[in-house]
């Protein structure tokens, strides 16, 4: 026994050190590495850019105190008291938010989308409950942020942020109050300095407008949202970039702008997009009457189709009539040889065990519990925009163009899906196995393809040198749905083309909005 | 979920080798071929137990080959490599198939001592798992495995009186980050990376049974606990870094032929009594071992 112990110990020591040094445990995530935003151009003329909804609106921002007034001096003292003794946690808050307000709020929105992108679990009788905005924390949680819901959420938040910043720029120029680090030499700038007037604070405008939009979009998460608002307001003060009065004025302006967007959102018909059993029946009957096989839900128990009346939602970039004008030609009839040929191709994909196909399908799947395809394109946009050091207002404008295109692409795509109501490959060919989940709505055209075509078009306009790379990604995203054996080739190809057309409307808007590029 | 299948699988296989108190003598080699069938139709999302008509019964067939070599009478070296095929009986999701991970272990009989009327032994086992196949980890519950490298330490105490024994074992598993095909994912918050931090795990085993030269029978109770990880939210998909826990009851039988020296047959099973973020798996296995000397007519024992 003693003899054993004499060598047990050294062996155990060696083993333990190997044990502890093996296996990586650290992960550095992309968005933690984003540098502090130092715009190459502060876009001082953004007050002249064309807003989305608020071109004719009037907003009020109180005239700020003079930089010699006691209230302002008290504000400066608050900054100094924070800067006197910053904790590491406070420094981390500064580092996080300094990457940019529009960027971080876009990330927060993506996180909420992913959290809420879960289809409700069925009732005992096999029916499905619907989330209720009136009672967001009861199961099923409100919202179910599926791709159309998410596309609309991204669009409203981005568009409202853009308008709020254009309005903020007007007041900034009107009042011309400099940042605290310019008015008091003893205040440090813990973020890159800017010549942009500080009142009202652009960060607070974004926080105010976004938090207010969230009251409609994510009403069960307002505790989380308000915590982020408070954190961001504190960040600007601690960083010496804004006074508390800059922040309060900005937040108040943001809320005023949000009111305009909330009024539109509450009347945009999204609330009725679920439709009724009579609506669902009518789609089926119309398709059967045309001699084609109607779509049926492949879920068990059968789930009502996802937001069939989303097509009636008011688009941002064009009138409702354009939705019908953009509707693609009909899919191959379910009795045609072309349909058979496409079905055979899907079956072949289903049997193709290439690891590369699996990778592509998984990379673009963006299904349950994810940021959705529009969110994925926001990921891509954010990673790209960070490299360009856009001003906050240009960040917002670019994301507004992207996300209005995504929402309108959702509307146009949903129009085709429910107008034609055609079946998924797996409904027609029983032995097709899929590499990802089958979304609960008709096949033609592919949502991923529409979203990706629109997004790549907008991003290619904003960053022309990357236009081809973005379109290659869109192509891959579209084809991922064929590789995954959940779409026919024509769903993907036609969807991509339709998405590109929608994206072009956003590009045309961008060319005319005064922002240049 | 399939992970549980894999967990269960590796336990059932290991029960014959890594987790039992049996050693093979110096210069002997034990070749093993084991078939395991796993299946479940209920699973736990967090603590919520449910079925899923869109998956039906999830099953897997596991064909494993392995070996155990007696480096000395006190040190054995083991390996095992499985080929797995998974299937969902309902819905459309495609099963996967391929080679999973190789597991390697060194088992050391540290103490062997008469205590009272019986024999007490103490083993220390270091094991590691290295993914071999390029399978997709983030395709639960149909993925073959977790694609994670891991290293584990196990202590095993066995006390045998006559032909009856009781044994207890505890294991700590340290797991490497894994790389998935997506570059962003949500756990309880968003992550912008294709790396997933895998929670470590512990594993406790209690077993008792009968051992003779001809026949072994053993009953086992196993508790697998993932340290950290998160619950599957309602109606969500499982994810490799979920908090997967399970309590399993099982049995192992082994028959040693007297007419053909070195040939052994084994069979057994495991059933998940209680779990969290895993399937309620029933695992049954059967296998063949063949033990032989690799040095002719020269055994130290």
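Protein chains in written order, with the working numbering: chain A, 45 to 561; chain B, 2 to 302.
For glycine and all other residues, C-beta sits at the position ideal for the given N, C-alpha and C.
- Relative to residue 265/A, the option among 289/A, 235/A, 112/A, 157/A whose CA is nearest is 157/A.
- Measuring C-alpha to C-alpha distances from residue 480/A to each of 140/B, 85/B, 90/B identifies 140/B as the nearest.
- By the Cβ neighbour-count rule, residue 58/A is exposed, with fewer than 16 other Cβ atoms within 10 Å of its own.
- Within the stretch 454 to 471 of chain A, 470 place their CB atoms closer than 7 Å to a CB of chain B, listed in sequence order.
- Rounded to the nearest whole angstrom, the CA to CA distance from residue 254/B to residue 79/B is 20 Å.
- Under DSSP, residue 223/A takes part in no beta bridge, so it has no partner.
- Look at the stretch 336 to 354 of chain A: the residues with a C-beta under 8 Å from a C-beta of chain B are 342, 343, 344, 345.
- Between residue 225/B and residue 204/B, the C-beta spacing is below 8 Å.
- Between residue 122/B and residue 105/B, the C-beta spacing is not below 8 Å.
- For the pair of segments examined, the stretch 67 to 78 of chain A was found not to touch the stretch 220 to 235 of chain A: the number of CB pairs separated by less than 8 Å stays below three.
- Looking at the DSSP output, residue 272/B shares a beta bridge with 250/B, 283/B.
- Here the alpha carbon of residue 430/A sits roughly 29 Å from the alpha carbon of residue 263/A.
- Residue nearest to residue 398/A within the set 95/B, 132/B, 126/B is 95/B (criterion: CA-CA distance).
- With its beta carbon at least 8 Å from every one in chain B, residue 473/A lies outside the interface.
- Of the candidates 79/A, 170/A, 539/A, 539/A places its Cα closest to the Cα of residue 371/A.
- The DSSP-derived three-state label of residue 75/B is coil.
- Rounded to whole angstroms, the gap between the alpha carbons of residue 261/B and residue 25/B is 17 Å.
- Per the coordinates, the alpha-carbon of residue 183/B lies some 52 Å from the alpha-carbon of residue 215/B.
- Across the structure, residue 41/B and residue 500/A are spaced so that their CA atoms are roughly 43 Å apart.
- For secondary structure counted as the alpha helix (DSSP H) over 4 or more consecutive residues, the stretch 305 to 336 of chain A holds these complete runs in sequence order: 321 to 333.
- A straight line joining the alpha-carbon of residue 30/B with that of residue 250/B spans about 30 Å.
- At a cut-off of 8 Å between beta carbons, residue 186/A makes no contact with chain B.
- With a contact defined as Cβ atoms closer than 8 Å, residue 234/A and residue 283/A qualify at about 4 Å.
- Relative to the Cα of residue 210/A, the nearest Cα in the group 294/A, 232/A, 175/A, 260/A belongs to 294/A.
- Along the length of the stretch 248 to 295 of chain A, whole alpha helix (DSSP H) runs at least 4 residues long occupy 266 to 282, reported in chain order.
- For residue 209/B, the enclosing beta strand (DSSP E) starts and ends at 201 to 212.
- Excluding the 5 residues flanking it on each side, residue 382/A has same chain C-beta neighbours closer than 7 Å at 376, in chain order.
- Residue contact with chain B for residue 151/A: present (Cβ-Cβ distance below 8 Å to some residue of chain B).
- Look at residue 172/B: its C-beta is not under 8 Å from any C-beta on chain A.
- The count of Cβ pairs closer than 8 Å, one atom from the stretch 482 to 500 of chain A and one from the stretch 540 to 551 of chain A, reaches three, so the stretches are in contact.
- The Cβ-Cβ distance between residue 71/B and residue 85/B does not fall below 8 Å.
- Contact annotation for residue 67/A against chain B: 149, 150, 151, 152, 175, 176, 177, 178, 199, 201 [CB-CB distance below 9 Å, chain order].
- The Cβ of residue 74/B sits no closer than 8 Å to any Cβ of chain A.
- At least one CB atom of chain B sits nearer than 8 Å to the CB of residue 423/A.
- Taken through DSSP and simplified to helix, strand or coil, residue 88/B comes out as strand.
- For residue 439/A, the enclosing alpha helix (DSSP H) stretches over residues 436 to 464.
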